[in-house]
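Q: The structure that follows is given in the form of C-alpha cells.
Protein chains: 2
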Amino acid sequence: MVAPMPRARPGRTIAEVGEFGFLERALAQAPVGRGTLVGPGQDCALIRCGARRCLFTVDALVEGVHFEPGWLSPRQIGRKSFLVNASDIAAMGGRPRFCVVNLAVPSSYPARDLHAVQRGIVEAAQRCEASVVGGNLTRAAQLSVAIALLGDAPKRLVTRQGARVGDLVYVTGTLGDAALAVRLLRAARAVPRSVIRRFREPTPRLQAGRRLVESALVSAMIDVSDGLVQDLGHLCAESRVGACIDASAVPRSPAYREALGAADPLALHGGEDYELLCTVPERNVDRLERRRAQLGCALTRIGRITADGGVRVVDAAGRQVALGAAGFDHFRSGLQR
Amino acid sequence: MVAPMPRARPGRTIAEVGEFGFLERALAQAPVGRGTLVGPGQDCALIRCGARRCLFTVDALVEGVHFEPGWLSPRQIGRKSFLVNASDIAAMGGRPRFCVVNLAVPSSYPARDLHAVQRGIVEAAQRCEASVVGGNLTRAAQLSVAIALLGDAPKRLVTRQGARVGDLVYVTGTLGDAALAVRLLRAARAVPRSVIRRFREPTPRLQAGRRLVESALVSAMIDVSDGLVQDLGHLCAESRVGACIDASAVPRSPAYREALGAADPLALHGGEDYELLCTVPERNVDRLERRRAQLGCALTRIGRITADGGVRVVDAAGRQVALGAAGFDHFRSGLQR
Numbered sequence: 011m012v013a014p015m016p017r018a019r020p021g022r023t024i025a026e027v028g029e030f031g032f033l034e035r036a037l038a039q040a041p042v043g044r045g046t047l048v049g050p051g052q053d054c055a056l057i058r059c060g061a062r063r064c065l066f067t068v069d070a071l072v073e074g075v076h077f078e079p080g081w082l083s084p085r086q087i088g089r090k091s092f093l094v095n096a097s098d099i100a101a102m103g104g105r106p107r108f109c110v111v112n113l114a115v116p117s118s119y120p121a122r123d124l125h126a127v128q129r130g131i132v133e134a135a136q137r138c139e140a141s142v143v144g145g146n147l148t149r150a151a152q153l154s155v156a157i158a159l160l161g162d163a164p165k166r167l168v169t170r171q172g173a174r175v176g177d178l179v180y181v182t183g184t185l186g187d188a189a190l191a192v193r194l195l196r197a198a199r200a201v202p203r204s205v206i207r208r209f210r211e212p213t214p215r216l217q218a219g220r221r222l223v224e225s226a227l228v229s230a231m232i233d234v235s236d237g238l239v240q241d242l243g244h245l246c247a248e249s250r251v252g253a254c255i256d257a258s259a260v261p262r263s264p265a266y267r268e269a270l271g272a273a274d275p276l277a278l279h280g281g282e283d284y285e286l287l288c289t290v291p292e293r294n295v296d297r298l299e300r301r302r303a304q305l306g307c308a309l310t311r312i313g314r315i316t317a318d319g320g321v322r323v324v325d326a327a328g329r330q331v332a333l334g335a336a337g338f339d340h341f342r343s344g345l346q347r
Numbered sequence: 011m012v013a014p015m016p017r018a019r020p021g022r023t024i025a026e027v028g029e030f031g032f033l034e035r036a037l038a039q040a041p042v043g044r045g046t047l048v049g050p051g052q053d054c055a056l057i058r059c060g061a062r063r064c065l066f067t068v069d070a071l072v073e074g075v076h077f078e079p080g081w082l083s084p085r086q087i088g089r090k091s092f093l094v095n096a097s098d099i100a101a102m103g104g105r106p107r108f109c110v111v112n113l114a115v116p117s118s119y120p121a122r123d124l125h126a127v128q129r130g131i132v133e134a135a136q137r138c139e140a141s142v143v144g145g146n147l148t149r150a151a152q153l154s155v156a157i158a159l160l161g162d163a164p165k166r167l168v169t170r171q172g173a174r175v176g177d178l179v180y181v182t183g184t185l186g187d188a189a190l191a192v193r194l195l196r197a198a199r200a201v202p203r204s205v206i207r208r209f210r211e212p213t214p215r216l217q218a219g220r221r222l223v224e225s226a227l228v229s230a231m232i233d234v235s236d237g238l239v240q241d242l243g244h245l246c247a248e249s250r251v252g253a254c255i256d257a258s259a260v261p262r263s264p265a266y267r268e269a270l271g272a273a274d275p276l277a278l279h280g281g282e283d284y285e286l287l288c289t290v291p292e293r294n295v296d297r298l299e300r301r302r303a304q305l306g307c308a309l310t311r312i313g314r315i316t317a318d319g320g321v322r323v324v325d326a327a328g329r330q331v332a333l334g335a336a337g338f339d340h341f342r343s344g345l346q347r
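Chains W and P, in that order, are what the protein sequence lines are.
Here our numbering is used: the first sequence runs in plain steps of one and ends on residue 347.
Here our numbering is used: the second sequence runs in plain steps of one and ends on residue 347.
Here you go:
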C-alpha cells in the first residue's frame, strides 16, 4: 500500500535560479536522440523526417505574465500566440507549416472569447501559410495558449552558434516599440496606434529570415524576444564571443523617438519586438547591402562581434554605456521595461 | 491613440458549454490546409512531411486539474506528461519520435523539482524511443506541462471514424484502476501499489496499437483517456453508429475487483486508463484472436457496434444499466470518478 506522497520542497526556487539558469542546466542533460540534428538551445530544433528536415518549436503566452487582462482582445491573444512561434521559425530561415495548440482557461472563461482566441490562431497561421492541425483544451487558473509549431527547414543551417570575431551585427526593423507599449499600458496612458500594434501583433520576419539564411551571408541569427542586449548575449554565449553595440545606431521607430527621444535605452532592453538579429562576416557586407530590398523590412548595422565575452554598449562617441537590469526573465525580474 | 481595451465577457462560459462542446464547434471552423491529411478531431493529426506521413498531437497535465499536490512526484509528473501523449500516438498505430515541452511553473517552484520534471519527461521519451528536442519555460499560477509530440505514422490509417454496425468492440488491458487510485487519494486512503502505478505511470499501448493497425483487422480505434463510455461515445459519434457494452465483460484488475468487486461501474466511467478501444469487423475476429499474443497486453471483447446512436450498457443478463454522469470533462464536472 502506498500513502499519498509528502511534498518536500527544499533548495532554490526557479525564481532564484532564473529561466535561463534552469534551461542551461536542463538542456545540458537532455540526450540527443536519433534523427535530432539540432537539439534544445536554439530558436528551433532541427529534426529529420524521412528525407526532409523540419524545424520544431514551442512557445506560450500566459495572462498575467506576458500580458495583463484588457491589453489584448481574445482574437489578438490567439494571433500573437501563433506569431511569436513563427518568429522562432523565421530566426532559422524556415517556413511555418503545421501547429498544435494547447488552450488552458478558467472555467468562467466565456466560450465566445475562447472561440475568438481559436479564430485568431487560425487567422495568423493562415497568414503565415501554416495550418492548425490539432489542439487540446484544459482547465487552469489563468488563460494560457501554448503552441507547438513545425516548419520546413531551409537547406542551410544558421543557428546562434556561428558568430566570429569581427563579424558585423545587424537587426531588422525597429526595436523598443513593444516595450514602450507595455510601459504606457502599465501606466494606463494612451498608446500610439503604431506602437501598440507592435505589441499586439508582432510581425515574424519570415521573408527576411529565409533570404538571410538562403543567401549564405549571415553567420548566426536569433530573434529578439527578450530584449536586444539579452538575446545578443545568448548568441554571443553560444558562439563563445562578445559584442559591442553602438546604442545610437539601434533603430527606433518615429513614434518611439517622439515619445522617448532617439537615445532612450528602452530599445536596448525591451522585449517582444520579434525582430531578427544576425551577424555577418565583413567580406559579405557589400553583397548583403545589395540584397536589402529583398528582405521586406529594414536591416540596420548596430555593432560588431568582439573577442571579449559579454555584450558592451557604447554611445556615438564610443563611451561605454552602463547596462542596468536587462531583458525579460519573468522569473527573476518580471517584465523589465 | 488607443486606450487599454475594456474587457467585455458576456455569454456562456466554457464551463457551461463544456470541453467537448467547444472543441466540436472550434474544430468545425478550422480550415484544413495543404499537407494536412487528417485534421483536428482525432487522437492525432496526420500530416505530410515530404514523402513521409507524421502524427502530431498535444496534451497537458495541470496541477489541481489532472492531479493534486502530492499525488505525483515531480519526476512522475514529467513521465506521465509524456506518456499520455504517447497514448494518442498509440491510438493511431504510430511511433513517437520527437517532442517539445512547455513548462509553466510558479516562481516559488523549486528548481530541483523542475529538473526532476524535466528528467521524467526525458526518461519516458527514451523508454518510448523518442527525443525531447526543445522546450519553453514560463511563469504561471500553477504547475503545468504541455507536450507536443510528433510520431511516425503507420502505412494504414485507422481513426475514430471507421466503426460499422455489427463490428465487435475490444479493449486492451484493464479499466478503472486510475480512477480507483484517484478516489482513494481524494479520500486520503492508502492505495494498492499496482493501482496507484496505473494512475502515476500509464502504459501507452504502442506495440498493441501498431500491431492492431498494421494487421488491418480493426476498423476504428481511440485511446481511453476520459472514461470508456465517454470515449466510446466519441468513437460512435465520429463513426455515426451506436454501441452496446456488456458491463460484466469490461476487464478489471485483481486489485480493482478486490477493492470494489467485479461489478462496480467505476471501470465504465473512470478516466486516465490509457488503454486502447477498438472495433473489429466480425469476419476478422478469428484472425485477431490468433494474434493476441503479439499485442503485449490483454485484449478483451466487451460489446458490439449498433445502429442506434449513443452507448448503451447492459449487465450479464442483458438488462440495461442506467448511466450516471460519465467521463472526464474538467470544465463541466471536474474529476468524475
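For glycine and all other residues, C-beta sits at the position ideal for the given N, C-alpha and C.
Bear in mind that the values here come from a model prediction, so they are computed numbers and not experimental data.
Measuring alpha carbon to alpha carbon, tell me which residue in Trp81(P), Glu73(P) and Asp274(P) is nearest Gly186(P).
A: Among Trp81(P), Glu73(P) and Asp274(P), the Cα nearest to that of Gly186(P) belongs to Asp274(P).
Q: Between Leu195(P), Gly161(P), Gly219(P) and Val111(P), which has its C-alpha nearest Val168(P)'s C-alpha?
A: The candidate whose alpha carbon is nearest that of Val168(P) is Gly219(P).
Q: Could you tell me whether the stretch 248-259 of chain P touches the stretch 306-325 of chain P, using the rule of 3 or more Cβ pairs below 8 Å?
A: Yes, since at least three Cβ pairs between the stretch 248-259 of chain P and the stretch 306-325 of chain P fall closer than 8 Å, the two stretches touch.
Q: Taking the alpha-carbon positions, what's the Leu153(W) to Ser91(W) distance?
A: Cα-Cα distance, rounded: 12 Å.
Q: Could you tell me the boundaries of the beta strand (DSSP E) in which Val175(P) lies?
A: Val175(P) -> no beta strand (DSSP E), and no H or E assigned at all.
Q: Three or more beta-carbon pairs under 8 Å between the stretch 177-192 of chain W and the stretch 280-294 of chain W, yes or no?
A: Contact between the stretch 177-192 of chain W and the stretch 280-294 of chain W is present, because at least three Cβ pairs lie under 8 Å.
Q: Give a yes or no on whether the minimum CB-CB distance between Glu29(P) and chain W is below 8 Å.
A: Answer yes: the Cβ-Cβ gap between Glu29(P) and chain W drops below 8 Å somewhere.
Q: Could you work out which residues of chain C lie near Pro50(W), taking near to mean beta carbons separated by less than 8 Å?
A: In the displayed structure, chain C is absent; the protein chains listed are W and P.
Q: Quick one: which chain P residues come within Cβ less than 8 Å of Thr23(W)?
A: Ser117, Ser118, Tyr119, Pro120 and Ala121, listed in chain order.
Q: Using a C-beta cutoff of 8 Å, does Phe92(P) count as contacting chain W?
A: It does not: the Cβ of Phe92(P) has no partner Cβ on chain W nearer than 8 Å.
Q: Compare the C-beta of Ala114(P) with all C-beta atoms of chain W and state if any pair is closer than 8 Å.
A: Yes, because at least one Cβ of chain W sits closer than 8 Å to the Cβ of Ala114(P).
Q: Tell me whether Pro16(W) is buried or exposed, calling it buried when 16 or more other Cβ atoms sit within 10 Å of its Cβ.
A: Confidence at Pro16(W) is low in this model, with a pLDDT of 46, below 50, so the placement of that residue should be treated as unreliable; the coordinate-derived value is given next. Exposed: under 16 other Cβ atoms inside 10 Å.
Q: Given a threshold of 16 other Cβ atoms within 10 Å of its Cβ, counted over all protein chains shown, does Ser141(W) qualify as buried or as exposed?
A: With 16 or more Cβ atoms within 10 Å of its Cβ, Ser141(W) is classed as buried.
Q: Going by Cα to Cα distance, which pick from Ser235(W), Gly328(W) and Ile312(W) is closest to Asp98(W)?
A: Residue Ser235(W) is the option with its Cα nearest to Asp98(W).
Q: Assign Asp283(P) to buried or exposed, taking buried as 16 or more other Cβ atoms, counted over all protein chains shown, within 10 Å of its Cβ.
A: Buried.
Q: Fully enclosed by the stretch 132-195 of chain P, which beta strand (DSSP E) runs are 3 residues long or longer?
A: Counting only runs of 3 or more, we get 141-149, 154-162 and 178-182.
Q: Ignoring anything shorter than 4 residues, give me the alpha helix (DSSP H) runs that lie fully in the stretch 66-126 of chain W, in order along the chain.
A: Complete alpha helix (DSSP H) runs here, min 4: 84-100.
Q: Taking just the CA atoms, how far does Pro84(P) sit from Gly306(P)?
A: Rounded to whole angstroms, Gly306(P) to Pro84(P) spans 28 Å at the Cα level.
Q: Taking C-alpha atoms, which residue in Ala101(W), Ala189(W) and Val223(W) lies nearest to Ala277(W)?
A: For Ala277(W), the nearest C-alpha among the options comes from Ala189(W).
Q: Cα separation between Gly237(W) and Gln217(W)?
A: Looking at the two C-alpha atoms, the distance is approximately 21 Å.
Q: What does Ser154(P) reach in chain W if we use C-beta pairs closer than 7 Å?
A: Within chain W, the residues near Ser154(P) are Ala114 and Ala150.
Q: Rounded to whole angstroms, how far is the Cβ of Glu224(W) from the Cβ of Arg297(W), which I believe are closer than 8 Å?
A: At roughly 13 Å, the Cβ-Cβ gap does not stay under 8 Å, so Glu224(W) and Arg297(W) are not in contact.
Q: For Asp256(P), does the three-state DSSP call read helix, strand or coil?
A: In the structure shown, Asp256(P) sits in a strand (DSSP, three-state: E or B).
Q: Output the residue ranges of the beta strand (DSSP E) runs that lie fully inside the stretch 226-257 of chain W and measure 3 residues or longer, sorted by chain position.
A: Segments of the beta strand (DSSP E) lying fully in the stretch 226-257 of chain W: 230-234 and 252-256.
Q: Between Thr46(W) and chain P, is the shortest Cβ-Cβ distance under 8 Å, so that the two count as touching?
A: It does: the Cβ of Thr46(W) has a partner Cβ on chain P nearer than 8 Å.
Q: Can you find a C-beta in chain W that's less than 8 Å from the C-beta of Pro14(P)?
A: Residue placement at Pro14(P) is flagged as unreliable, the pLDDT there being 48, under the threshold of 50; the coordinate-derived value follows with that caveat. Chain W, which has a Cβ nearer than 8 Å to the Cβ of Pro14(P), makes this yes.
Q: Could you check if Ala197(W) is buried or exposed, using at least 16 other CB atoms within 10 Å of its CB as the buried criterion?
A: Exposed, since its Cβ has fewer than 16 Cβ neighbours within 10 Å.
Q: Helix, strand or coil for Ala55(W) per DSSP?
A: Ala55(W): strand per DSSP, three-state reduction.
Q: Could you tell me if Gln346(P) is buried or exposed, where buried requires 16 or more neighbouring beta carbons within 10 angstroms of its beta carbon?
A: Residue placement at Gln346(P) cannot be trusted, given a pLDDT of 34 that sits under 50; the coordinates are not used to answer.
Q: Indicate whether at least one CB of chain P lies closer than 8 Å to the CB of Ile57(W).
A: Yes, because at least one Cβ of chain P sits closer than 8 Å to the Cβ of Ile57(W).
Q: Identify the residues that DSSP records as bridge partners of Gln330(W): which are they?
A: DSSP lists Val324(W) as partners of Gln330(W).
Q: Who are Pro50(P)'s beta bridge partners in DSSP?
A: Beta-bridge pairing links Pro50(P) to Gln52(P).
Q: With H, G and I counted as helix, E and B as strand and the rest as coil, what does DSSP make of Gly313(P)?
A: Gly313(P): strand per DSSP, three-state reduction.
Q: Identify the contact partners of Asp69(W) in chain P, using a Cβ-Cβ distance below 7 Å as the criterion.
A: Going along chain P in sequence order, the residues near Asp69(W) (Cβ under 7 Å) are Asn146.
Q: Quick one: what does DSSP say Glu268(W) is sitting in, helix, strand or coil?
A: The answer is helix: DSSP assigns Glu268(W) an H, G or I state.
Q: Pull up the distance between the alpha-carbon of Phe209(P) and that of Pro202(P), whole angstroms please.
A: Approximately 11 Å, taken between the alpha carbons.
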